[in-house]
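Residue numbers (the numbering used here): 5 to 316.
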């Protein structure tokens, strides 16, 4: 397939590269010209640049695609996505497909779905998980919006989800981004629980090898899985967690929205709420910053998402 791809950040670059490797054609645009040229050079080095074209404006990106066009945006939620969606809206035509793969609030996605629908443009809000390692493992994709658009772009989703990811359609409007929002809230609780357990082991009356414990947990235990694998990566790089300062980023976004939504529904989410509060306190509390818990959570975020980490 051929698509326009907007946003060559940490996730976008890897996704566009995966699509090219799978044989799809990509017309790419990024606000920074330097980033586009670096991406082109990287693809040329890998001999997969023949199906890559660079565009230097949104209008030329749209013009470079034949109808029905597919345009996928991977920009941060909020103003960057608001601005680009307004610009894309000006140029797309009936039958085209517009995809927001960022972490937009589901209510914003709901509005965009209706706005594009009024123009007979098919809109999809796709929650993309898996972090930077998903380029190898396969992306888990949570889809909401126009069902016919979902059916049409399945070849792209199949390629992105190889070898171990997947995609599911959850319903119209913001359904996909709603599911992704809850996913990220759950993620906070899982990371917090793992890190706290290792903190208890680090302070035990025994001289426990945390890396050995983590690798032992990997062998079919009930807590094995994606996040535990990231714990192993962190401990392999820094067994005593001496390099990491436990100031944890990202105390906003989907988890805040998850808590707000839970309150609207009257559903208690104590674990998620407390894990968010812990991250906020890590910004200023030296005791938390020096704890194994905070250092491990910070290290896990860096391992799966490439998120910035404060190092000693």
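Don't be surprised by glycine CBs; every beta carbon is placed ideally from N, CA and C.
Secondary structure of residue 80, DSSP reduced to three states: coil
Host alpha helix (DSSP H) of residue 181 (start-end): 179-206
How is the beta strand (DSSP E) around residue 29 delimited, first residue to last? 29-33
Provide the residue(s) that pair with residue 58 in DSSP beta bridges, ordered along the chain. 32
For the alpha helix (DSSP H) that contains residue 154, what are its first and last residues? 151-156
Using beta-carbon positions only, say whether residue 85 and residue 185 come within less than 8 angstroms of one another. no
Would you kindly work out how many angstroms separate the C-alpha atoms of residue 264 and residue 80, rounded to a whole number? 20 angstroms
Quick check on DSSP: helix, strand or coil for residue 147? strand
For residue 210, report the span of its alpha helix (DSSP H) as first-last. Unbroken run through residue 210: none, as it is neither H nor E.
Just checking my contact of residue 170 with residue 144 at CB under 8 angstroms: how many whole Å lie between their CB atoms? 6 angstroms
Determine the contact status of residue 129 and residue 108, defining contact as a CB-CB distance below 8 angstroms. yes
Might you give, ordered along the chain, the residues of its own chain that have their beta carbon closer than 6 angstroms to the beta carbon of residue 243, omitting 5 neighbours on each side? 215
Is the segment 219-227 touching the segment 269-276 in the sense that three or more CB pairs, one from each, lie closer than 8 angstroms? no
Rounded to whole angstroms, what's the CA-CA distance from residue 96 to residue 111? Just pull it up for me. 22 angstroms
Backbone CA spacing between residue 105 and residue 77 [nearest angstrom]: So the alpha carbons of these two residues sit roughly 6 angstroms apart.
Taking residue 130 as part of the beta strand (DSSP E), name the residues at either end of that continuous run. 126-132
Could you pull the DSSP bridge partners for residue 172 from this structure? 146
Would DSSP call residue 223 helix, strand or coil? coil
Mind checking who residue 104 pairs with in its DSSP beta bridge? 77 and 129
Beta-carbon gap between residue 101 and residue 153 smaller than 8 angstroms: For residue 101 and residue 153, yes; Cβs fall inside 8 angstroms.
Indicate whether the contact test is met: 3 or more Cβ pairs, each with one atom in the segment 114-129 and one in the segment 165-181, closer than 8 angstroms. The answer is yes - the segment 165-181 touches the segment 114-129, with three or more Cβ pairs under 8 angstroms.
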